[in-house]
Amino acid sequence: MGKVVRVSIVVLMVFTVLTWALGAQAAIPSEIGVKEDPLVRMPGTQPAPENTTDIEAPTRCLNCHSGFNQAVEPGHNWQGSMMAQASRDFLFWACLTVSAQDSIFAIERPNATDICLRCHFPQGWLGGRSGPTNGSAMASSDFDGVHCDVCHSMYDPFFEDTFNGSREDADWLGYWDETNLSTTPSETAAQVTLEEDRRLSGTILQADGLPFFDPLNSPPVNWQENGSGQYFLSDNRAKRAPFADANGRHPMLYSRYHKSKYMCSTCHDVSNPILANLDGGVLPGDTIADLGGPLVSETDSAFSFYHVERTFSEFMLSDYGLQGGAPGIGPYAPENYDTSHPDNNITKCQDCHMRDGVGKAASQRSAVNRPDGSVEHPLSGQPIHDLTGGNAWVTAVLASTDPNCQDGGVTCYDPVNENLLNQGADILTLDLTQGQGIDPVRLIDGSNRALQQLQLAASINDAAISGNTLSFKVQNQTGHKLISGFPEGRRMYLNIRFYDEAGGLVQEINPYDTVAGTFKGFVYPYAPEVESGVPWPAPLDEATEIHDDSLVYEMKPTSSLTEEEKSFHFALATGRYKDNRIPPKGFRIHEAAARLSTPVDQGADAPNYYSSAEYAGGYDDVSVAVPTGAVKADITLYYQTTSREYIEFLRDEITGTGNLTLPPGDYVVQIDPWFANLAGWGNTIWQLWKQNMNLKSAAPYQMTAASVGVPPLPCDAPIPVLVQAVAASNQVELGWSSALDPNDPDSGYNLYYDQVGKELFIADTGKATTFTDMNLINGQTYCYKVTSYTVGCESQFSNVLCAAPLSPGQSFDSSAVLGPIGRLEVTGKGKNTQITFVETTTFLQGDEIMIYVTVSDADGVPIEGATVDISVVGPVTVSLTSGPTDVDGISSVSWATEAPNKKGVGGTPTGSYNVSVSGVTATDYTWDGMANAVSFTIN
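Under the numbering used here, think of the first position of the sequence shown as 269, with each following residue one higher.
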């Protein structure tokens, strides 16, 4: 029988305070299995054995979706993203360790970290390997994080409303880019997916065993989005993707969900269900068997309880989250940026984080070259699996552990990082050799994409000095708050320098101490018990330096459980103390409270923190007093992935020394065997910070800048013009205008692949104005742009030109391989009939001989739709033609031989036969004339 007592979080607070006051020891970690723990239960597909989802490792996907065009292919870009590195993220491991200790402090068991594992190890979580919740049971391919089959198995829990257009949009031609022509009907394909989703909905249960969906396939009324890792995955191995005209070797389902903004809510609105379920009446010792009804985490949307991250909510509160979206800003404005929306509006997260490129998703010859190769989806390019946010540090450090690490031709290998992160699973649980391992090329490319993303995210506009006031606008050019994401010490801040007429520095706001790795003047609240090895920050010069916290944009949680106004314990966060991050364009402040997304100032909601004009325009209108004597100013906006203060927090909470925020008896990491393979993260995360704090990806990184009265440093590098991109077999020959002084020894050109507003470095060509990009895949499209550089500056990008080596219409070589051959044997009768292929080269008169053939191109890629002419030569000669080859390039043909009559006379002549290919027909291909021959005998 279910409990009727409802215990508020206040009761838990009383328990915690009493424990602290009495100095009691924390309970030894004793896990209720996460499948039986109602505190961490959330809607969606559940771990094995209840869940029958069989997630495939990314090795299966990378065979076709990687290694053919690094600028646009899914494999290269995914593997350099934080999605792929979610399980190798060293910040994650340190956070996990602290969160487990916090969980023991709050509920006497470490199960809170199951919430971390479900998003960072989705394959392992679904496979039932999240217990114990320290990550020690995870298998090799689990370490590939949020990978291909995880995303391409997801289905929409609001499938009925998406299908009929009531949830997102019913503009099938404009919004969904579906022509619905008879040749490739999206509606028919969507109907098939709908029926599959209806079947899957019947497998989803609440914790109490009752159906989650009602008979009309609707979820609970107050459950409006599947956030906080509440994913729904198919048990059908058909891959779900956003194109009805896609083709491949594996079965597929057309998924509107994968082109929907709502898919991104799955992981990017994060809340704490433990506190919500405690507040809803669940006691810390309860199991699912004790429940008498659904949980709060099953009935209410995650955005409505215990804020951790609200990136998706911020998007939904913006103009971009409205039906039909809105025009972007700056580099994302319609005149600068193409989306698949007819008006070039930004309508979904994928528009910026999976931008439409030119090319194919797979190496197969039959893959659709988007956008021009698609009739059904003519406005949609190939989604670049960029998936990039602002974290450039983790990927750069991971890449540096490989001796082959190169960044722009400069070595980036760091043996200290290699030693720190390769201590092995016995010390850190993390093993960098698991799964796909470390690919430094892809990781450095991913790190550089993140830095580019930061530069696209903001601008400083309308800077001017009037009287004694400096004014300017910090424009948010993203679709969510600037900055967004987890409160892992990440911050954005303004640095302002004022100068006198002679150029002398009069005042600096928010000076940064690069030796200490934090703001100057920061006052530490304690004397460290361990030697930090890094100096304390220098004090502010009272005459010329000011720290202005209002110009530091960040979110700081508060915790009534630890009694901290400002806390880094996001697993124990009961509210926010500060949230002054810049809203996106059109932010509807009157709706923000429902999503816990209102600005917060000193622990109180502050809906008037920004004006109605600032909410509408998505900017912060800044006014700063100009000091006496100042007539000029430099304004710089910086981003930092994480802070020294946060890293010290992680170190101290794990080692149990320094600035401690829990009762002394609750520091169990260093004494309890449950943490044996995590305890080393305290010193490891600190050593990583010390070693890397001044990397461009870890130190404050300039997002944008502006000056008043200070002329910007001139960049004399001219913008080249790309004049040719000529395709040949497996290569593209490029040429651009000569624009540099041949006598300048420090100038040259940089060539890049274009990634639709981003770029991927190819080569520094020196003074050469031609370059041949070689070892390319025939039939793929490659896009290029070029810059020039001189000392201290690089020009803007040239125009973009694209080319496809041996583009469609030219001839490709094809090869055909015969075999195996055999016969079909029939056993059983009626519904028990079975037909089996038996490979053999010996037949009897009257047998039906099956001959298989495989057709591939010169690169070994299967050719679909080819037909093969086959000659059988022996006592009798027969000509045969196969049916069209399938996506694996395989087809077959049969020869029904004749049996003799009852007197044993006649029939196909016995003897030795030879079968060979006499011709291959395939669009855009010519047969290379090479094929094997196979012999067989008829007796």
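Glycine included, every Cβ here is placed at the ideal spot set by N, Cα and C. Since the model is a prediction, treat every value here as computed from it, not as a measurement.
Enumerate, from N- to C-terminal direction, the unbroken alpha helix (DSSP H) stretches of 4 or more residues contained entirely within the region 444-481.
454-469
Residues near Thr1109 in its chain [Cβ-Cβ closer than 6 angstroms; skip 5 each side]
Position 841 of the sequence shown, counted from the start, is the residue given in the question as residue 1109. Once the five neighbours on either side are set aside, the close Cβ partners of Thr1109 are Phe1204.
Along the chain, where does the alpha helix (DSSP H) containing Met406 start, and where does it finish?
Numbered from its first residue, the sequence shown carries residue 406 at position 138. From DSSP, Met406 is part of no alpha helix (DSSP H); its letter is neither H nor E.
So for Lys527, helix, strand or coil by DSSP?
Looking up residue 527 in the sequence shown gives position 259. In the structure shown, Lys527 sits in a helix (DSSP, three-state: H, G or I).
CA-to-CA distance, Lys1026 to Thr746, given in whole angstroms
Start at 1 with the first residue of the sequence shown, and residue 746 comes out as number 478. Start at 1 with the first residue of the sequence shown, and residue 1026 comes out as number 758. Roughly 15 angstroms separates the two Cα atoms.
Nearest to Phe1039 by CA position, among Leu1019, Ala726, His815 and Gln591, is which residue?
Within the sequence shown, residue 1039 is the residue found at index 771, counting from 1. Out of Leu1019, Ala726, His815 and Gln591, Leu1019 has the C-alpha closest to the C-alpha of Phe1039.
Mark Met251 as exposed unless 16 or more other C-beta atoms lie within 10 angstroms of its C-beta, in which case mark it buried.
Not covered by the structure: residue 251. The range shown for the chain is 269 to 1207.
Determine the direct distance from the alpha carbon of Asp817 to that of Ala732, and round the result to whole angstroms.
If you number the sequence shown from 1, residue 732 lands on position 464. If you number the sequence shown from 1, residue 817 lands on position 549. Each residue's Cα considered, the two are about 22 angstroms apart.
Given 8 angstroms as the limit, is there contact between the region 565-576 and the region 472-492, that is, 3 or more CB pairs closer than that?
yes
May I ask you to list the residues that DSSP assigns as paired with Val1202?
Counted from its first residue, the sequence shown places residue 1202 at position 934. DSSP, once it has assigned bridges, lists Val1183 as partnering Val1202.
What is the DSSP secondary structure of Gln492, counted as helix, strand or coil?
Walking along the sequence shown from the start, residue 492 turns up at place 224. Coil at Gln492, not helix or strand.
Give the single residue among Ile939, Asn945, Trp942 and Glu921 whose Cα lies nearest to the Cα of Trp954.
Here residue 954 is taken as the residue at index 686 of the sequence shown, counted from 1. Cα-wise, what sits closest to Trp954 is Glu921.
For His858, which of Ser586, Ser355, Asn612 and Ser752 has the nearest alpha-carbon?
To locate residue 858, count along the sequence shown from 1; it is residue 590. If we check each option's Cα against that of His858, Ser586 comes out closest.
Give the DSSP-derived three-state secondary structure of Ser533 in the structure shown.
Stepping through the sequence shown from its first residue, residue 533 is reached at position 265. It is helical.
Cβ atoms of Ala1031 and Leu905: under 7 angstroms apart, would you say?
Locating residue 905 in the sequence shown gives position 637, counting from the first residue. Locating residue 1031 in the sequence shown gives position 763, counting from the first residue. Against a cut-off of 7 angstroms, the Cβ pair of Ala1031 and Leu905 comes out as no contact.
How would you label Thr1224, buried or exposed, when you count the other beta carbons within 10 angstroms and need 16 or more for buried?
Since the first residue of the chain shown is 269 and the last is 1207, residue 1224 is not available in this structure.
Go through its chain and collect everything with a Cβ distance to Thr1176's Cβ below 7 angstroms, but skip five positions before and after it.
Within the sequence shown, the letter at position 908 stands for residue 1176. The answer, listed in chain order, is Gln1113, Val1144, Thr1165, Glu1166 and Ile1206.
Continuous beta strand (DSSP E) stretch holding His815: start and end
Looking up residue 815 in the sequence shown gives position 547. Run containing His815: none; DSSP gives neither H nor E here.
Where Ile323 falls, given that 16 or more other Cβ within 10 Å makes a residue buried
Stepping through the sequence shown from its first residue, residue 323 is reached at position 55. Its Cβ being crowded by 16 or more others within 10 Å, Ile323 is buried.
Give a yes or no on whether the C-beta atoms belonging to Pro988 and Ser1005 are separated by under 7 angstroms.
Start at 1 with the first residue of the sequence shown, and residue 988 comes out as number 720. Start at 1 with the first residue of the sequence shown, and residue 1005 comes out as number 737. Yes, the pair counts as a contact, with Cβ atoms nearer than the cut-off.
CB-CB under 8 angstroms to Tyr1057, same chain, minus the five flanking residues each way: which ones, in chain order?
Position 789 of the sequence shown, counting from 1, holds the residue named residue 1057. Result list for Tyr1057: Ala985, Ser1015, Gly1016, Tyr1017, Asn1018 and Ser1063, in chain order.
Backbone secondary structure at Gly950 - three-state DSSP:
For this step, residue 950 is matched to residue 682 along the sequence shown. Gly950: helix per DSSP, three-state reduction.
Which whole-angstrom value is the C-beta distance of Met310 and Gln498, which I expect to be below 8 angstroms?
Here residue 310 refers to the residue found at position 42 of the sequence shown. Here residue 498 refers to the residue found at position 230 of the sequence shown. Correct: roughly 5 angstroms between the Cβ atoms.
Alpha carbon of His645 to alpha carbon of Tyr588, nearest angstrom
Walking along the sequence shown from the start, residue 645 turns up at place 377. Walking along the sequence shown from the start, residue 588 turns up at place 320. Going by the C-alpha atoms only, they are around 22 angstroms apart.
May I ask you to verify whether the region 705-719 touches the region 771-787, counting CB pairs closer than 8 angstroms and requiring at least 3?
These segments do not touch.
Taking contact to mean at least 3 C-beta pairs separated by less than 8 angstroms, is the region 575-582 in contact with the region 537-553?
The region 575-582 vs the region 537-553: in contact.
Alpha carbons only, please: which of Pro867, Gln720, Leu696 and Ala1007 is nearest the one belonging to His1066?
Residue mapping note: residue 1066 aligns to position 798 of the sequence shown, counting from 1. The question names His, yet the displayed sequence has Ser at residue 1066. Out of Pro867, Gln720, Leu696 and Ala1007, Ala1007 has the C-alpha closest to the C-alpha of Ser1066.
Ser565, enclosing beta strand (DSSP E) - first and last residue:
Here the question's residue 565 lines up with position 297 in the sequence shown. For Ser565, there is no enclosing beta strand (DSSP E); the residue is part of the alpha helix (DSSP H) that begins and ends at Val564 to Thr567.
Between the alpha carbons of Gly933 and Ser371, how many angstroms are there, rounded?
For this step, residue 933 is matched to residue 665 along the sequence shown. For this step, residue 371 is matched to residue 103 along the sequence shown. Cα to Cα, Gly933 sits roughly 14 angstroms from Ser371.
Considering only their Cβ atoms, is the gap separating Ile1131 from Arg633 smaller than 7 angstroms?
Taking the first residue of the sequence shown as position 1, residue 633 is located at position 365. Taking the first residue of the sequence shown as position 1, residue 1131 is located at position 863. With respect to the 7 angstroms criterion, Arg633 and Ile1131 are classified as neighbours on the basis of their beta carbons.
What's the gap between the Cα of Glu1116 and the Cα of Gly692?
Reading the sequence shown from its first residue, position 848 is the one you call residue 1116. Reading the sequence shown from its first residue, position 424 is the one you call residue 692. Each residue's Cα considered, the two are about 59 angstroms apart.
Is the CB of Asp675 under 7 angstroms away from at least one CB in chain C?
The question asks about chain C, but that chain is absent: this structure has only one protein chain.
Neighbourhood of Thr452 by C-beta distance below 8 angstroms, restricted to the same chain and skipping five residues each side
The residue you call residue 452 lines up with position 184 of the sequence shown. The answer, listed in chain order, is Ala512, Asp513, Val643 and Glu644.
Can you tell me whether DSSP reads Asp721 as helix, strand or coil?
The residue labelled residue 721 in the question sits at position 453 within the sequence shown. Here the sequence assigns Gln to residue 721, which means Asp is not the residue at that position. Three-state result, Gln721: helix.
Evaluate the contact criterion for the region 519-526 versus the region 454-464: three or more CB pairs, one atom per stretch, below 8 angstroms.
yes
Could you check which residue in Asp1009, Phe1029 and Asn1046 has the C-alpha nearest to that of Val1000?
On the sequence shown, position 732 is the one that residue 1000 refers to. Among Asp1009, Phe1029 and Asn1046, the Cα nearest to that of Val1000 belongs to Asn1046.
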